[in-house]
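Enquirer:
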Amino acid sequence: MKILKNNTFNITLILVLIFGFFLRIYNINHEDLWVDEMSTFWISNPNIALETSYKNNSLLEVQPFFYNFLMRIYFSILGYNVDYGRYVSAIFSALSILSISYISWIISKNKSYLLTAFLISFNIFLIGYAQELRVYSLVFFFISLTIIFILRVLKDENFFNIFFLNLLFIFSIFLHPFSLILLFSIIIYLLLIFLVKKLFFKKTMYSVMGISIIAIIYYLVHLINLVPDSSEAYFFLDNPNFKFLTNMYFSNFFGSRLVGLFFLSLFLFAIKFSIKKIILLKDISFLFIF
Numbered sequence: 001m002k003i004l005k006n007n008t009f010n011i012t013l014i015l016v017l018i019f020g021f022f023l024r025i026y027n028i029n030h031e032d033l034w035v036d037e038m039s040t041f042w043i044s045n046p047n048i049a050l051e052t053s054y055k056n057n058s059l060l061e062v063q064p065f066f067y068n069f070l071m072r073i074y075f076s077i078l079g080y081n082v083d084y085g086r087y088v089s090a091i092f093s094a095l096s097i098l099s100i101s102y103i104s105w106i107i108s109k110n111k112s113y114l115l116t117a118f119l120i121s122f123n124i125f126l127i128g129y130a131q132e133l134r135v136y137s138l139v140f141f142f143i144s145l146t147i148i149f150i151l152r153v154l155k156d157e158n159f160f161n162i163f164f165l166n167l168l169f170i171f172s173i174f175l176h177p178f179s180l181i182l183l184f185s186i187i188i189y190l191l192l193i194f195l196v197k198k199l200f201f202k203k204t205m206y207s208v209m210g211i212s213i214i215a216i217i218y219y220l221v222h223l224i225n226l227v228p229d230s231s232e233a234y235f236f237l238d239n240p241n242f243k244f245l246t247n248m249y250f251s252n253f254f255g256s257r258l259v260g261l262f263f264l265s266l267f268l269f270a271i272k273f274s275i276k277k278i279i280l281l282k283d284i285s286f287l288f289i290f
């Protein structure tokens, strides 16, 4: 009976992963590139000078040049074809199903990671960005890998874990400033552990300090080189209105307010279920802070 249950669980997990991958690949190039994707495709053209690509990025993008630089290398290898670009996002989005599910297993040590795999596989927001020639699927995956090695380092500060933590953290920060949220979170978590438990993760703290210095220098240089210097350049940034307060982008992130409410309810239940571990500063406390 136990073997039968395990086989059923494994088959279910495999089916979830297959469907998650299928939804990210299906009709991936059905629609033409939209304006932001056109920007990425134009900037990452390997047939123009690298300096020109960088200047074009500073002219059109708020995010750093690193992602477009990687796509430039990608296009130089496979060919500068509009149909190839979105597959990078789809592949890394599919891999993130595995990485996020693994984080869930590290935290819970039970089969609840199947629910995590299901939620990630069928999340309309992640599926949408998996079919866009933009940085978000890539940064989502590398942030998840960074979290894995943060959790590993907090168990064992060996050279292997520290090295890959630094490498993945810097890579994520170079991709997008969203990664700074993760940096602030680990700083807060390490300080809380030190203040409450009197535990000092020396190697991890030194690594985080070094990464913080690199991040500050990197984004100072990036901000200095941004071409737009007027509010007209950021027309897409609006002040919140009443509709925003009633929706909170739920329809964007989850497909509808109803599905968003389901995710929110699940999140609140998880907090209630894990409140003791959060208070005791277990691994899940770090994710809660993040």
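Numbering of the sequence shown is given in my numbering, commencing with residue 1 and proceeding in unit increments. The beta carbon of each residue, even a glycine, is placed where N, CA and C say it ideally should be.
1) Please report the Cβ distance between S172 and F142, rounded to the nearest whole angstrom; I am assuming they are in contact, meaning their Cβ atoms lie under 8 Å.
2) So does the segment 157-167 actually touch the segment 130-138, counting three or more Cβ pairs closer than 8 Å?
3) Spatial neighbours of F164 within its chain, please: CB distance less than 7 Å, with the 5 preceding and 5 following residues excluded, ordered by chain position.
4) Using a 10 Å radius around the Cβ and a threshold of 16 neighbouring Cβ atoms, would you call N68 buried or exposed?
5) What does the Cβ neighbour count give for Y26, buried or exposed, with the cut at 16 atoms within 10 Å?
6) At a cut of 8 Å, does the segment 110-119 reach the segment 71-80 through at least three beta carbon pairs?
7) Is the Cβ of L60 closer than 9 Å to any Cβ of chain C?
8) For Y129, collect the residues of the same chain with a Cβ closer than 6 Å to its Cβ; drop the 5 residues on either side in sequence, then sort them by chain order.
9) Since S89 contacts Q131 with CB under 8 Å, what's their CB separation in whole angstroms?
10) Whole angstroms is fine: what's the gap from Y189's alpha carbon to D32's?
11) Write down every uninterrupted run of the alpha helix (DSSP H) in the segment 187-214 whose length is 4 residues or greater and which is fully enclosed by it, in chain order.
12) Determine the direct distance from the alpha carbon of H30 to that of V208, and round the result to whole angstroms.
13) In whole angstroms, give me the CA-to-CA distance for K276 and K282.
14) Short of 8 Å in beta carbon distance, which residues of its chain neighbour N47, apart from the five on each side in sequence? Order them along the chain.
15) If I follow the unbroken alpha helix (DSSP H) through K272, where does it start and stop?
16) Buried or exposed: which applies to Y206, given that a residue is buried once 16 or more other Cβ atoms fall within 10 Å of its Cβ?
17) In three-state terms, what does DSSP make of K243?
18) By alpha-carbon positions, which one of I97, V153, T40 ends up nearest to F140?
19) Less than 8 Å between C-beta atoms, sequence neighbours within five positions excluded: which residues of the same chain meet that for K197?
20) With a threshold of 16 other CB atoms inside 10 Å of the CB of A94, please say whether the residue is buried or exposed.
Expert: Taking the coordinates as given:
1) The residue given as residue 172 occupies position 172 in the sequence shown. The residue given as residue 142 occupies position 142 in the sequence shown. Going by Cβ atoms, the distance from S172 to F142 rounds to 4 Å, so yes, they are a contact pair.
2) Counting Cβ pairs under 8 Å, fewer than three are found: no touch.
3) Reading the sequence shown from its first residue, position 164 is the one you call residue 164. The beta carbon of F164 is closer than 7 Å to those of F149 in its chain, skipping five residues each way along the sequence.
4) Counting from 1 along the sequence shown, the entry for residue 68 is found at position 68. Buried, since its Cβ has 16 or more Cβ neighbours within 10 Å.
5) By one-based count along the sequence shown, residue 26 stands at place 26. Exposed is the call here.
6) Touching, no.
7) Here there is only one protein chain, and chain C is not present.
8) Reading the sequence shown from its first residue, position 129 is the one you call residue 129. Closer than 6 Å at Cβ, skipping near neighbours: Y136, S137.
9) Reading the sequence shown from its first residue, position 89 is the one you call residue 89. Reading the sequence shown from its first residue, position 131 is the one you call residue 131. So it is a contact: roughly 7 Å between Cβ atoms.
10) Mapped onto the sequence shown, residue 189 falls at position 189. Mapped onto the sequence shown, residue 32 falls at position 32. Y189 and D32 have their alpha carbons spaced roughly 43 Å apart.
11) Listed in chain order, nothing qualifies, since the segment 187-214 has no complete alpha helix (DSSP H) run of 4 or more residues.
12) Against the sequence shown, residue 208 aligns to sequence position 208. Against the sequence shown, residue 30 aligns to sequence position 30. The straight-line gap from Cα to Cα measures roughly 43 Å.
13) As a working mapping, residue 276 is identified with position 276 in the sequence shown. As a working mapping, residue 282 is identified with position 282 in the sequence shown. Between K276 and K282, the C-alpha separation is close to 9 Å.
14) Walking along the sequence shown from the start, residue 47 turns up at place 47. For N47, where only same-chain residues beyond five positions count, the Cβ hits under 8 Å are Y80.
15) As a position in the sequence shown, residue 272 is number 272, starting the count at 1. Taken as a continuous stretch (DSSP letters only), the alpha helix (DSSP H) holding K272 covers 257-273.
16) If you number the sequence shown from 1, residue 206 lands on position 206. Y206 should be labelled exposed.
17) By 1-based counting over the sequence shown, the position of residue 243 is 243. In the three-state reduction of the DSSP assignment, K243 falls in the helix class.
18) Within the sequence shown, the letter at position 140 stands for residue 140. Looking at I97, V153, T40, the one whose alpha-carbon comes closest to that of F140 is I97.
19) As a position in the sequence shown, residue 197 is number 197, starting the count at 1. Answer for K197: L281, listed in chain order.
20) In the sequence shown, counting from the first residue as 1, residue 94 sits at position 94. Answer is buried; the Cβ neighbour count reaches 16.
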